[in-house]
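Chemist: Following this message is one structure expressed as structure tokens.
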Amino acid sequence: MTKTRRPGISRRSTLALMGAGAMSVAAPWVARAQAKTIKIGMPTILSGRVAQLGTSSRNAVMLEVEKVNGAGGLAGRQIEMVIRDSKGQPQEAARVARELVNTDGCELLLDGEASSGSFAVHEVARDLGVLCIHTCSEASSLTADPKQRIPNAFRCVRQGIHDSIVGGSYAASIAKAKGLKKWATCSPDYAYGRDTTGEFTLYLKRFAPDIEIISESWPKLFQADYTEVVTKILQAKPQALYSCLWGGDLTSYIDQANIYAMFSQMEVFAVNMADYTALTVVKNLPKGIHSGNRYIKTFPTTPENAAWGDAYKAKYNEYPTNWSWQNATAVMFLAEAAKKANSADGKKIAEVLKGLTIKCPFGADGTVTMRGDDHTLVGYAIGWGTTIPQEPYVPEVKAGDWKTIFELEAEWKKSKGYT
Amino acid sequence: MTELEAGRAQTLVPARSGAALQRYRDVLIALIAFAVLASLPLFTGSKALLDFVIRCSAYGLFATSLNLLVGYTGLTSFGHGMFFGLGAYSFGLIMQKLGVPIPVAFVATLAITAVVAAIIGAICVRLKEIYFAFVTLAFQMLIHSTILSWASFTGGDQGLRGGIPRPVFLGIDLSDHVHLYVTSCALLILGLLAMHQIAQSPFGYTLRMIRDNAARASFLGIDVWRAKLTVFVLAALFASMGGMVMALFVSGAYPEFAYWTISGEGIFINMLGGVSTFLGPMVGTVLLLLLNDTVTRFTEYHGIVLGVVILFFALGLRKGLLDFVADWLAQRRDAGEGR
């Protein structure tokens, strides 16, 4: 018997082996192509006076990105954040944003800039057509003004006008109950301070028409000494004081006004008080200052919000800021939109983002919405309460009513010629 | 003609033809430099590199114009950034509100800058040293505060929003990245060429004399005030050009452009690059932007790094980089000649 086949490797098995070999060589490549990371660029302020806020934005983003990556990433692609300092300079913000997209290959942008920097990044987004979510700029005109609007930019931030409507109605109810007719204001002398104070008093008078503003003070931004402001207000003897000072300015103001026992002589409404950056820094936090919520883990009073605040504190050993929740929410929006679009493509995500409602620990009813017609965040928890000197600092917050906010916001937009 | 006059005429003729030759050489170098820069997009697709050169144009024009004051005239202005901001804002506002063609807005901005600089200069250049520095700084803060407070016109601290419209002119579309790049390069080269001509002209030498000994210049019949005012206005015009390039780059104008930190950066650039050579500030610009861009990629503690670098230049080299190179070359040449 002659063997027709010699022992050894047959042609068939050779082919099979070659195929298997090719597969084993190619498999990681295929897998890698599928799991190709997606880079998200983020210019924010990591140096200078507001560096603390920029850092807290970065912390919140990283906290959420870890969760998204753990759950499989953005439509199957792991997120890699590229976060750079803009020093709070608009020309640097524009440069960094362009560099992130053009050189570093970022496909999406989170814009962690405040004020003028956000408008500079907005122009970059307009120019490059890349999907951009603003996460820190509270200037209402960024999304309310139709001239600013572009299909690829969204804003996931609270807004000055919303705060003023809620603040005005809350303060008016207190004013009526306590008979506070004579008011003074004390706010930083720049656009935010002037606009916010103007809008607050507008709504305050609307809800309580017999109120009178008897004194106005406009200290400079980052002023060190508030003695003249404090004495001016004390001499005017108002029954209530409104202030939109923030951060270090607010804490130095309170420390200096405490010397004159100002807080026992009038009701104080400081919209930016209820933020841990201010609450934990003031030496003797007076009891009973009325404040809007910036970020406070006790409002909304849900286990999800408390858990988020605790998780952040556990990881970074400090409490989150107002910028933190906004940045975290932006990542949540991206994750949900990518899931719905089944793609990490900026254009497809932008389509889905319009009008998208997601579950969110910072929502007034457990959800927040990216309003479709002006690409801005609504439905977030917003309210006012009074301080106590120790944790939880603002034990009870009275929630604002979004129905009223929507009505008055529409009126305001019309008065500005935006609609 | 006396013998003396005849002798002087003979020496003047070659000097004049020498000046003409120098001018041709400058134009030739400028043309070559422009050709090299303008052909860059043919070799590289890197948008970041083009962005870098556009920013170099803006800051380079600004810093070199500051050197006309600091290096050539001895006027240390701490408020030169106001003209950078003024250029950006005037150009942006004219384009947004009037919708005129870009060259018209460009010329109008230069005219506005000239008027403002003449008024501010008339007050400032009478003063000396620290007083001049501080009054220019005061005017800068005045302009910065005006921009912040006049929110209905300038947009306040949020800047000029909504983008700067860029209608096409002469086939140039500045919303196209490459067109903007080539235009910025052209403005930079033209600006540098013009400033070099000013520096090398008899007027330029008058400025150096004023810097070295103003009393002597005055005794020689030079109207020192007028010469200082002229260079103040000229420097403002080039700073304003830099501001316009920056406004086009970011498609807006922001109060930070008129803030003292911009003036500070100008001084910083001059210290880095050196004030005794014409191209010192240009070298300083490239150095500063390179440092800034690379350091901010890796750390937010860029302030420390930049601080150490300036300390090295101030305490270590005791002059700018190009000053150091020029001195070193001169020493080598002297040594070579056996002196």
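Sequence order for the protein chains is A and B.
Counting from 219, one number per residue, gives the positions in the first sequence under the working numbering.
Counting from 29, one number per residue, gives the positions in the second sequence under the working numbering.
Positions of the beta carbon are idealized from the N, C-alpha and C atoms, including for glycine.
Between which two residues does the beta strand (DSSP E) containing B/V98 stretch?
Modeler: Element bounds for B/V98: n/a, residue is neither H nor E.
Chemist: With a CB to CB cut of under 6 angstroms and the five nearest residues on each side skipped, what residues in its chain are close to B/A136?
Modeler: I122
Chemist: Measure the CB-CB distance between A/G330 and A/G306 and report whether it falls below 8 angstroms.
Modeler: no
Chemist: Out of B/I158, B/S279, B/G107 and B/V128, which one is the CA nearest neighbour of B/S291?
Modeler: Selected option, being the one with the closest Cα: B/G107.
Chemist: Considering Cα atoms alone, identify which of A/I432, A/S382 and A/G465 is closest to A/A269.
Modeler: A/G465
Chemist: Does any C-beta atom of chain A lie closer than 8 angstroms to the C-beta of B/T137?
Modeler: Cβ-Cβ to chain A under 8 angstroms: no for B/T137.
Chemist: Please state whether DSSP places B/C84 in a helix, a strand or coil.
Modeler: helix
Chemist: Going by the CB atoms, is the gap between A/N535 and A/A293 shorter than 8 angstroms?
Modeler: no
Chemist: Taking A/T321 as the query, report the chain B residues whose CB atoms sit under 8 angstroms from its CB, ordered along the chain.
Modeler: S74, K75 and A76
Chemist: By how many angstroms is the C-alpha of B/L334 removed from the C-alpha of B/L319?
Modeler: 8 angstroms
Chemist: Within 10 angstroms of its Cβ, does B/L262 collect 16 or more other Cβ (buried), or is it exposed?
Modeler: With 16 or more other Cβ atoms from the protein chains shown falling within 10 Å of its own Cβ, B/L262 counts as buried.
Chemist: For B/G190, which residues in chain A fall below 7 angstroms Cβ to Cβ?
Modeler: K365 and Q366
Chemist: Find out if the Cβ-Cβ distance for the pair A/V384, A/E356 is shorter than 8 angstroms.
Modeler: no
Chemist: Does A/Q544 come within less than 8 angstroms of chain B when only Cβ atoms are used?
Modeler: no
Chemist: Per DSSP, A/L292 forms a beta bridge with which residues?
Modeler: Answer is A/R295.
Chemist: Within 8 angstroms of any Cβ in chain A, is that where the Cβ of B/M274 sits?
Modeler: Yes, its Cβ sits closer than 8 angstroms to a Cβ of chain A.
Chemist: Report the residue from A/D473, A/A582, A/V586 and A/K631 whose alpha carbon sits nearest the alpha carbon of A/L574.
Modeler: A/V586
Chemist: Could I get the ranges of all uninterrupted beta strand (DSSP E) runs contained in the region 534–604 of chain A, with 3 residues as the minimum, in chain order?
Modeler: 575–577, 585–589, 594–596 and 601–604
Chemist: Tell me which same chain residues have a C-beta within less than 6 angstroms of the C-beta of A/A454, skipping the five on either side of it?
Modeler: A402, I432 and S433
Chemist: Could you tell me which residues DSSP pairs with A/H508 in its beta bridges?
Modeler: A/F487 and A/T604
Chemist: Around the C-beta of A/D413, are 16 or more other C-beta atoms found within 10 angstroms, so that it is buried, or is it exposed?
Modeler: buried
Chemist: Can you pull the DSSP bridge partners for A/M480?
Modeler: Paired residues: none, contrary to the question.
Chemist: For A/T604, is the beta carbon positioned less than 7 angstroms from some heavy atom of the ligand HEM?
Modeler: Only the bare structure without any ligand can be found here, which leaves the ligand HEM out of the picture.
Chemist: Taking a contact to mean a Cβ-Cβ separation below 8 angstroms, would you say A/I258 touches A/L328 in this structure?
Modeler: For A/I258 and A/L328, yes; Cβs fall inside 8 angstroms.
Chemist: Let me see if you follow: with CB-CB separation under 8 angstroms, is A/L264 close to chain B or not?
Modeler: Yes, A/L264 counts as interfacial toward chain B.
Chemist: For A/N511, which of A/V500, A/A426, A/G288 and A/N540 has the nearest alpha-carbon?
Modeler: Among A/V500, A/A426, A/G288 and A/N540, the Cα nearest to that of A/N511 is on A/N540.
Chemist: Quick one: what does DSSP say B/T72 is sitting in, helix, strand or coil?
Modeler: coil
Chemist: Would you list, in chain order, the members of the region 348–362 of chain A that have their beta-carbon closer than 9 angstroms to a beta-carbon of chain B?
Modeler: S355, A357, S359 and L360
Chemist: Could you give the DSSP three-state label for B/W178: helix, strand or coil?
Modeler: Coil.
Chemist: Check B/F106 in the structure and name its three-state DSSP category.
Modeler: Coil.
Chemist: Check whether the Cβ of A/S275 lies closer than 8 angstroms to any Cβ atom in chain B.
Modeler: no
Chemist: Assign A/T220 to one of two classes, buried (16 or more other C-beta atoms within 10 Å of its C-beta) or exposed (fewer than that).
Modeler: Confidence in A/T220 is poor, its pLDDT being 45 and thus under 50, which makes the residue's placement unreliable; the coordinate value appears in the next sentence. By the 10 Å Cβ count, A/T220 comes out exposed.
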